[in-house]
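The opening position of the sequence shown corresponds to residue 751 in our numbering, with each subsequent residue numbered one higher.
Reading through the structure tokens given below for one structure.
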Amino acid sequence: MNSHWYQQLAELSESQPEMLRGICRGIEKESLRVAGDGVLAQTPHPPVLGSALTHGSITTDYSESLMEFITPVSSSIDDTLKTLEDVHSFVYKHIGNERLWSASMPCIVAGDAGIPVARYGSSNVGRMKTVYRYGLGNRYGRLMQAIAGVHYNFSMPESYWTEAQKADGDEGPLQDYITSRYLGLIRNFHRWSWLLIYLFGASPAVCASFMRGRGEHHLEPFDGEGNSLHLPHATALRMGDLGYNSSAQKSLRACYNSLDNYIATLTQAILTPHPDYAAFKGKQDDEYMQLNDSLLQIENEFYSTIRPKRPGRSGETPLSALHERGIEYVEVRCIDVSPFHPLGIDGAQIRLLDSFLLFCLTQPSPACDAAQQDRQAANLTAVVNRGREPGLMLDTESGPRALTDWAEELLIKITACAELLDSVHGSSDYAAALAEQQSKVRGDMELPSARVLREMREKGMPYYRFAMGYSNRWAEYFKDGGIDATAEQSLIEESTESLSRQTDIEAADNVSFEDYLAAYFDQYKVLNHGD
């Protein structure tokens, strides 16, 4: 690999090895709470785990039963995994006989009525989060709110940006340089993200209860009883039409050639009414049915495999934060929960993600056009539904190309990034992680999606029994392993303090919910007018 940015990074790392050791990451891992019989738990978020609104490590996502565990920003993979393990162990001490579901696609569900919407208290910000989720349920059905994933946050240290900008001879504002480079990473990620879905997809099958009442679909019965549905060569059904995809959003083309264009596209979608959603105006059971009737209620409703991110201030919209202060990190959103690892992700996968993202950052990244976006979307769909199909061809600018040939070429190119990371860490772990993925492409090792279907077939069990088996296994793992006293005390204190913070937020509200929403959405109007 001889790209300008890679050579620049290699030279900087040789003189300042601490620079690459300063790569930061964070994990947001979702897990359904399920009863002992594999049915989605109907119990509320346990109060002993603190406030889902304000807890720094333990919250809920779209459903009250969909827990989300958040690790702090860290430059240590081992520390990140240890924190995630502590949170799992702590939660298991407080959920009784319930289990954390081991996979992305859900357990046994009883239709939309069986998916409890997440609640965040009576404050304006808490109500807004809940109403947003009602809106998602009304627009797409609540079953989507029972799908889990792993989000991986990645950022380069500021010392890298300072030195890289200097080496590039760029004399503009540092943040503009950082934003431009992250946008280049994102464009490349869209070009090659199918590779991650192929290598790590672990959702080729679903419980038949997930599809009950949803009309026609393209899945095939896995067993004679029809308890499970699948596609024989699928990798990650979560990332396809069954997951967080929206037919209404297919017309929404978010461009990553400039941050202004990205912000303008999403802002327009948030401010423009969409006829499909006019039916959800007003209230039902004394609660609003959605935040608005626009194509997007808020920017989080735009589903993408990766997002540019910047932490917001209190009451600030994510787009306003990006507009004011630029991109700070990227959030990778296409990773399935692995049923084969107790945390749903392991160190080897993290190291491959780091190498892949560093590759995306240091490769030339030309501007993208509509034709390229269509090609990328088609490749993603093909890998989601048919990724293991022998001879599968993907579309490139120069014509069709075999997936396995392209995957092998990309992994060879990524090797240089893995070796560079190993050199600064004094290890061979990154190269080993990459070699493992090369073995999968060659067929010497099993892809996770293939392993799911093989174990279901060999053990003669439907999907929900397969996933429940691993859920029980990891429950025992965490219960037997326990948690050290210091980590437990810290989580106890955070749980208690989070409840106090929620109470304080609720007491501090001094405007109506309607006025709060109006002020919040005024920020989008400001962005729309370029003020």
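For each residue, glycine too, the CB sits at the ideal point set by N, CA and C.
Mapping DSSP to helix, strand and coil, what is residue i?
{"i": "P971", "result": "strand"}
{"i": "D1145", "result": "strand"}
{"i": "K1031", "result": "coil"}
{"i": "V823", "result": "coil"}
{"i": "V1191", "result": "helix"}
{"i": "T809", "result": "strand"}
{"i": "Y870", "result": "coil"}
{"i": "L782", "result": "strand"}
{"i": "M1206", "result": "helix"}
{"i": "S1064", "result": "coil"}
{"i": "Y1079", "result": "strand"}
{"i": "P797", "result": "helix"}
{"i": "M1211", "result": "coil"}
{"i": "S1245", "result": "helix"}
{"i": "H1091", "result": "coil"}
{"i": "S909", "result": "helix"}
{"i": "L1282", "result": "Because the chain here runs from 751 to 1281, residue 1282 falls outside it and cannot be looked at."}
{"i": "L816", "result": "strand"}
For residue i and residue j, I'd like the C-alpha separation in whole angstroms.
{"i": "R1204", "j": "L1107", "result": "31 Å"}
{"i": "M1206", "j": "F1228", "result": "24 Å"}
{"i": "D1254", "j": "H805", "result": "14 Å"}
{"i": "A1217", "j": "A952", "result": "11 Å"}
{"i": "P708", "j": "P1092", "result": "What is shown of the chain runs 751 to 1281, which leaves residue 708 out entirely."}
{"i": "V1134", "j": "F904", "result": "24 Å"}
{"i": "T1154", "j": "V1191", "result": "6 Å"}
{"i": "A785", "j": "H795", "result": "13 Å"}
{"i": "R1223", "j": "A1258", "result": "44 Å"}
{"i": "P797", "j": "Y1270", "result": "29 Å"}
{"i": "E780", "j": "G1062", "result": "22 Å"}
{"i": "G871", "j": "S1240", "result": "24 Å"}
{"i": "Y756", "j": "T1112", "result": "5 Å"}
{"i": "S826", "j": "Q1187", "result": "22 Å"}
{"i": "E1066", "j": "P856", "result": "33 Å"}
{"i": "F819", "j": "D1086", "result": "15 Å"}
{"i": "A1200", "j": "Y884", "result": "35 Å"}
{"i": "G1176", "j": "L770", "result": "12 Å"}
{"i": "M1211", "j": "A1235", "result": "39 Å"}
Report all residues from its chain with a CB closer than 7 Å to the CB of residue i; omit the five preceding and five following residues, and keep chain order.
{"i": "R783", "result": "A791, S815, M817, I845, E848 and L850"}
{"i": "P1023", "result": "D1043 and S1044"}
{"i": "L1277", "result": "I1013, T1017, L1069, S1070 and H1073"}
{"i": "A760", "result": "L1170"}
{"i": "L831", "result": "L1093 and G1097"}
{"i": "E1244", "result": "G800, H805, G806 and S807"}
{"i": "L834", "result": "I777, K779, F819, T821 and L1093"}
Bridge partners of residue i, per DSSP?
{"i": "I986", "result": "According to the sequence provided, residue 986 is Ala. The question's Ile does not apply to it. Note: A986 sits in a beta bridge opposite S953."}
{"i": "V789", "result": "I858"}
{"i": "R1151", "result": "L1144"}
{"i": "C1005", "result": "Looking at the DSSP assignment, C1005 forms no beta bridge with any residue, so it has no partner."}
{"i": "E1037", "result": "Q1034"}
{"i": "G776", "result": "N903"}
{"i": "I1085", "result": "V900"}
{"i": "I1056", "result": "V1082"}
{"i": "S1044", "result": "P1023"}
{"i": "E848", "result": "Partner(s): none; E848 has no beta bridge."}
Excluding the 5 residues flanking residue i on each side, which residues of the same chain have their C-beta closer than 6 Å to its C-beta?
{"i": "A1019", "result": "L1002, L1045 and L1046"}
{"i": "R1251", "result": "T804"}
{"i": "A917", "result": "Q758"}
{"i": "Q766", "result": "none"}
{"i": "Y842", "result": "F1228 and K1229"}
{"i": "L987", "result": "S953"}
{"i": "E1081", "result": "H901, N903, R1057 and K1059"}
{"i": "S1221", "result": "R849, W851 and S852"}
{"i": "C1110", "result": "L935, N938 and F939"}
{"i": "D1026", "result": "A998"}
{"i": "G737", "result": "Given a span of 751 to 1281 for the chain in the structure shown, any question on residue 737 remains unanswerable."}
Apart from the five residues just before and just after residue i, which ones in its own chain have a Cβ nearer than 8 Å to its Cβ?
{"i": "A1117", "result": "R937 and N1007"}
{"i": "V823", "result": "C774, R775, G776, N903 and S905"}
{"i": "D926", "result": "G1076"}
{"i": "D1172", "result": "S1178, D1179, Y1180 and A1181"}
{"i": "R1136", "result": "L981, H983, A984 and L1142"}
{"i": "S1189", "result": "M1195"}
{"i": "E1037", "result": "T880, V881 and Y884"}
Does the CB of residue i have a neighbour CB from chain D at under 8 Å?
{"i": "D828", "result": "In the structure shown, chain D does not exist; there is a single protein chain."}
- Query: Do three or more CB pairs link the segment 974-992 to the segment 938-958 at distances below 8 Å?
  - Reply: Yes, the segment 974-992 is in contact with the segment 938-958.
- Message: Does the contact criterion of 3 or more C-beta pairs under 8 Å hold for the segment 851-867 versus the segment 895-902?
- Response: Yes: at least three Cβ pairs fall under 8 Å.
- Spell out a yes or no on whether the segment 1025-1045 and the segment 1053-1069 are touching, meaning 3 or more CB-CB pairs, one atom from each, closer than 8 Å. Too few Cβ pairs lie closer than 8 Å, so no.
- Do the segment 1144-1154 and the segment 1117-1130 touch if we need at least three Cβ pairs shorter than 8 Å? Taking a cut-off of 8 Å for Cβ pairs, the segment 1144-1154 and the segment 1117-1130 touch, as three or more such pairs fall below it.
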